[in-house]
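Peer 1: Below you'll find the structure I mean.
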Amino acid sequence: MNGLARLRWQCRRGAKELDFLLLRYLDSGYLEADDEEKALFVELLALEDDELIGILLGELDVDAAAMKSLVGKIRAG
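Residues in the sequence shown are numbered consecutively from 70, following the working numbering.
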């Protein structure tokens, strides 16, 4: 399984909201992202579903400015 296929598999979380947001970013923003943003996306995918959905839906905040930027891009699509 190549890197992009592995990420696509990790984006499938079982919650429609998460699947939609993550796969939409993977298909559009990830391919154009720099290495730092790609690494941050992989870091996001490592989070537990409840924490990840809280961050992406705005219920939980992240500290790092770069991560906030990425979350904003994922939300905006």
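The C-beta atom is built at its ideal place from N, Cα and C for all residues, glycine as well. Quick caveat, the model's predicted, so the values are computed rather than measured.
Note down the Cα distance separating Leu129 from Asn71, rounded to an integer number of angstroms.
Peer 2: 32 angstroms
Peer 1: Check for me: the alpha helix (DSSP H) holding Glu112 runs from which residue to which?
Peer 2: 104-114
Peer 1: Would Ile122 and Leu87 be called neighbours here (beta carbons separated by less than 8 angstroms)?
Peer 2: yes
Peer 1: Out of curiosity, what's the CA-to-CA distance linking Arg82 and Asp118?
Peer 2: 7 angstroms
Peer 1: Considering only residues of the same chain and omitting the five flanking positions on each side of Glu106, which have a CB-CB separation below 7 angstroms?
Peer 2: Leu139
Peer 1: Just to confirm the assignment, what range does the alpha helix (DSSP H) spanning Ala74 have?
Peer 2: 72-80
Peer 1: Can you give the Cα-Cα distance for Met136 and Leu109, rounded to whole angstroms?
Peer 2: The alpha-carbon atoms of Met136 and Leu109 are separated by roughly 7 angstroms.
Peer 1: When you compare the CB positions of Gln198 and Leu114, do they come within less than 8 angstroms of one another, or not?
Peer 2: Residue 198 is absent from the structure shown; the chain starts at 70 and stops at 146.
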